[in-house]
Amino acid sequence: MGSKEGSSPVQNGGVALEGRVASQDENAKRGNWSNQIEFILTSIGYAVGLGNVWRFPYLCYRNGGGAFMFPYFIMLVFCGIPLFFLELSFGQFASLGCLGVWKVNPLFKGVGYGMMVVSSYIGIYYNVVICISFYYFFASLTQSLPWTFCGNPWNTEKCTSVYDPVAPLNGTANTSRVPEVEVGPATAILANASELVHGAVRASPSSEFWKYYVLRLSDSIGEFGEVRLPLLGCLALSWVVVFLCLIKGIKSSGKVVYFTATFPYVVLFILFIRGVTLDGAIQGISYYLTPQWDKILQAKVWGDAASQIFFSLGCAWGGLITMASYNKFHNNCYKDTVIITLANCGTSVYAGFVIFSILGFMAHHLGVEVSQVADQGPGLAFVAYPEALTLLPISPLWSVLFFFMLILLGLGTQFCLLETLVTAIVDEIGSDTIRRRKTFVTLGVAVVGFLLGIPLTTQAGIYWILLLDNYAASFSLVIISCFLCIGINWIYGFRKYFKDVAMMLGREPPVFFKVCWCFVSPAIIFFILIFSMVQYEPLRYEGKLFPRWAEALGILMATSSVICIPGYAIYHLWRLPDGTFLERLKQSVTPDVSWGPALREHRTGRYAEPGGVPGAGAEAGGFPGDVEGGTEGGPTGALIVVAAAEAKEAKESKESSAFQQPLNGPKPTAPDLHESCL
Numbered sequence: 001m002g003s004k005e006g007s008s009p010v011q012n013g014g015v016a017l018e019g020r021v022a023s024q025d026e027n028a029k030r031g032n033w034s035n036q037i038e039f040i041l042t043s044i045g046y047a048v049g050l051g052n053v054w055r056f057p058y059l060c061y062r063n064g065g066g067a068f069m070f071p072y073f074i075m076l077v078f079c080g081i082p083l084f085f086l087e088l089s090f091g092q093f094a095s096l097g098c099l100g101v102w103k104v105n106p107l108f109k110g111v112g113y114g115m116m117v118v119s120s121y122i123g124i125y126y127n128v129v130i131c132i133s134f135y136y137f138f139a140s141l142t143q144s145l146p147w148t149f150c151g152n153p154w155n156t157e158k159c160t161s162v163y164d165p166v167a168p169l170n171g172t173a174n175t176s177r178v179p180e181v182e183v184g185p186a187t188a189i190l191a192n193a194s195e196l197v198h199g200a201v202r203a204s205p206s207s208e209f210w211k212y213y214v215l216r217l218s219d220s221i222g223e224f225g226e227v228r229l230p231l232l233g234c235l236a237l238s239w240v241v242v243f244l245c246l247i248k249g250i251k252s253s254g255k256v257v258y259f260t261a262t263f264p265y266v267v268l269f270i271l272f273i274r275g276v277t278l279d280g281a282i283q284g285i286s287y288y289l290t291p292q293w294d295k296i297l298q299a300k301v302w303g304d305a306a307s308q309i310f311f312s313l314g315c316a317w318g319g320l321i322t323m324a325s326y327n328k329f330h331n332n333c334y335k336d337t338v339i340i341t342l343a344n345c346g347t348s349v350y351a352g353f354v355i356f357s358i359l360g361f362m363a364h365h366l367g368v369e370v371s372q373v374a375d376q377g378p379g380l381a382f383v384a385y386p387e388a389l390t391l392l393p394i395s396p397l398w399s400v401l402f403f404f405m406l407i408l409l410g411l412g413t414q415f416c417l418l419e420t421l422v423t424a425i426v427d428e429i430g431s432d433t434i435r436r437r438k439t440f441v442t443l444g445v446a447v448v449g450f451l452l453g454i455p456l457t458t459q460a461g462i463y464w465i466l467l468l469d470n471y472a473a474s475f476s477l478v479i480i481s482c483f484l485c486i487g488i489n490w491i492y493g494f495r496k497y498f499k500d501v502a503m504m505l506g507r508e509p510p511v512f513f514k515v516c517w518c519f520v521s522p523a524i525i526f527f528i529l530i531f532s533m534v535q536y537e538p539l540r541y542e543g544k545l546f547p548r549w550a551e552a553l554g555i556l557m558a559t560s561s562v563i564c565i566p567g568y569a570i571y572h573l574w575r576l577p578d579g580t581f582l583e584r585l586k587q588s589v590t591p592d593v594s595w596g597p598a599l600r601e602h603r604t605g606r607y608a609e610p611g612g613v614p615g616a617g618a619e620a621g622g623f624p625g626d627v628e629g630g631t632e633g634g635p636t637g638a639l640i641v642v643a644a645a646e647a648k649e650a651k652e653s654k655e656s657s658a659f660q661q662p663l664n665g666p667k668p669t670a671p672d673l674h675e676s677c678l
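The letter at position 505 of the sequence shown is residue 505 when you use the UniProt record's numbering, and the numbering goes up by one with no holes.
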């Protein structure tokens, strides 16, 4: 038999497979991580993103300092780790992306499409944030940072630098300057001090550099203005970097993460050492960590803790399932879960020391409270922190390091977002041709992402970034996660899934996960949803409310990913052959005959091939890990496979819950919850 890609067949589960170049990959057709370190580093790079630096420290300070750590780690244990482990084990067991894994429950495939929509939205605006970081990185390659002083063409008469001489506050005769500084985009810092100096509002050089030079900000979200060509060039650079790092899929990105996932920690360490040696650093860290235990009784603190854990780990984006799908079948994903989640949370806590040591120094220099210079989001990354860096000796060096760190943190997340979309497309088509041309799929997705990101480089771009950030990946993630838990644990059946995980790990996970997957985590998810709705506030920027049509568009974006779930379910039921609604419903929630481990040697236990017939349980054409064409032996072998698959399906139908009985059986009843989750 001729070879398609090489001359030597390899052994896969004891069956000679031709047309395959010898590979060390367990799944030769789909590929695996070169080693487990690459998976762990990639997952850490995915989970540890910009939010760890620009959101968590502020949340911690605002919600009781050190006291916030208690609800934060409670939510990590009972929601973050269980959901993270659920997604990793789900993708690893089936060796499929966020679409293909729903062979376990075809009716819920819309959950996978919802994840793709979320990843698309995030990928579009996340790369624009990376491109702005590139812009600041290049702008820092000077002898003096351009946002240090006023007097530039973009500055207004309101601009006041921290180096400008002003009257000292309360008559204090020290070297601290108290200019009236307003720093955006969302928070005016030093506002209290501003009121005490001449009664006028002033603006910092970093604020005006951000608004009037980098963004050339328009008056509203509907006024696009011109495309900012420097930002457009940086956006193109961002997408080129992402594409080149993913040109060979995980084989190339797995090598890049050795640098992108580790060097940010080097930068954090350097900035930490520099920060704690500055005057006022202890004051800043004290504001960050001093516990206010009375705040633990506030529901908002617990809601913020749950939301931060949920969103920072990347649950329901599809990336965790995708990255785990390239693991070897018997990889200990439970251990990986613990390592990655603790690394993510530890990074958040550590970043707080870095941020608040510098902000403490800035507050000390200006003679104000740390609370007046604390900010989050773009306001911290592109205004407040750059302003603080201008106060340091050799400020361009620290600025280069800081923005290079932001670039690497963003790229680590962006790699997984793009790979999630590419893997889902390739797995869904499934042919050898599309797998061989995966690079072109990656290029196509990158080009589309670049084109969709162009409006975000206009003068109204920051408005659209905030709109996407606040709506595209908000309550929709919570709902998607809820359906993920329901589809696996309540409909497919927890007992079955626990046995599936035991096949990979060699033993069942702790009972703790059974309780969390079925009850505790869904309850916390529901709490987050209710909390998000109760705490909802209209979106503002620079103190101005977004127009109603923009809010409506944001809500539409949020629901567009959720609507995939009922939308696909209706489509799936409609396209099934004739039968009553209940009969089609039963068939829709029954696992596909090809559900299970991708490779033959792993299909043991209830996935074992009846009578030792090779290929039983395979989808027409073989297993996902086998060569195209699948079953050997021609038509006779195919008939044997079909017969074996039918026998296996009949056997499984007797053991399933009432929702999964044969179509000609008794009338279905509600699923047996004792079988599903108890």
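Positions of the beta carbon are idealized from the N, C-alpha and C atoms, including for glycine.
From Leu411 to Lys255, what distance separates their C-alpha atoms?
13 angstroms
Spatially closest choice to Ser307 from Cys131, Asn32 and Arg55, by CA coordinates
Arg55
Out of curiosity, what's the CA-to-CA distance linking Ser474 and Phe329?
33 angstroms
Integer-rounded CB distance, given that Ser206 should sit under 8 angstroms from Pro455:
No, Pro455 and Ser206 are not in contact; Cβ-Cβ is about 25 angstroms, not under 8 angstroms.
Where Val400 sits in the DSSP three-state scheme:
helix
Do you know whose CA, among Met115, His364 and Leu409, lies nearest Leu392's CA?
His364
With a CB to CB cut of under 6 angstroms and the five nearest residues on each side skipped, what residues in its chain are close to Thr347?
Val48 and Asn52
Would the beta-carbon of Ile44 fall within 8 angstroms of that of Ala261?
yes
Excluding the 5 residues flanking Ile270 on each side, which residues of the same chain have their C-beta closer than 7 angstroms to its C-beta?
Leu401
Does Glu38 pass the burial test, meaning 16 or more other C-beta atoms within 10 Å, or should it be called exposed?
buried
Between Gly114, Gly233 and Pro146, which has its C-alpha nearest Cys482's C-alpha?
Gly114
According to DSSP, is Arg603 helix, strand or coil?
coil
So the alpha helix (DSSP H) His364 belongs to, where does it begin and stop?
Cys333 to Leu366
Cβ-Cβ distance between Pro106 and Asp427 below 8 angstroms:
no
Arg62 to Trp317, Cα distance in whole Å?
27 angstroms
Using 8 angstroms for Cβ pairs, my map puts Cys60 next to Tyr334. What's the rounded Cβ distance?
Contact flag wrong, Cβ pair sits at about 28 angstroms.
For Ser532, which residues in the same chain have their Cβ closer than 6 angstroms to its Cβ, ignoring the five residues on either side in sequence?
Phe475
Unbroken alpha helix (DSSP H) run spanning Ile524, endpoints
Ser521 to Val534
Three CB pairs or more closer than 8 angstroms across the stretch 239 to 255 and the stretch 145 to 160:
no
DSSP bridge partner residues for Ala472 (one or two, in chain order):
Paired residues: none, contrary to the question.
Report the partner residues of Val267 according to the DSSP bridge assignment.
In the DSSP output, where bridge partners are listed per residue, Val267 has none listed.
Pick from Leu141, Arg216, Cys98 and Ser95 that is closest to Trp154, judged by C-alpha positions:
Arg216
For Ala203, list the residues DSSP reports as bridge partners.
Cys159
Count Cβ pairs between the stretch 510 to 530 and the stretch 456 to 464 that sit closer than 8 angstroms; are there 3 or more?
no
Cut-off 8 angstroms between Cβ atoms - residues of its own chain near Lys103, not counting five sequence neighbours on either side
Ala94, Leu96, Pro591, Asp592, Ser594 and Trp595
Gln24 burial status per 10 Å Cβ neighbour count (16 or more: buried)
exposed
If you compare alpha carbons, which of Ala598, Gly65 and Ala281 is closest to Phe361?
Ala281
Using DSSP bridges, identify the partner residues of Arg540.
Leu545
Run the CB neighbour count on Ala502, radius 10 Å, all protein chains shown included, and call it buried at 16 or more, exposed below.
exposed
Answer yes or no: do Ser588 and Leu599 have a C-beta to C-beta separation smaller than 8 angstroms?
no
Return helix, strand or coil for Thr457, following the three-state DSSP convention.
helix
On the criterion of 16 or more Cβ atoms from any shown chain inside 10 Å, does Asn35 qualify as buried, or is it exposed?
exposed
Where are the alpha helix (DSSP H) runs, 4 residues long or more, that stay fully inside the stretch 47 to 126, in chain order?
50 to 54, 56 to 62, 69 to 75 and 81 to 94
Which term fits Ile462, buried or exposed, when burial requires 16 or more other beta carbons within 10 angstroms of its beta carbon?
buried
Beta-carbon contacts of Gly31 that lie in its chain and below 6 angstroms, excluding the five residues immediately before and after:
Asp25
Quick one: complete alpha helix (DSSP H) runs, 4+ long, within the stretch 287 to 335?
299 to 312 and 319 to 324
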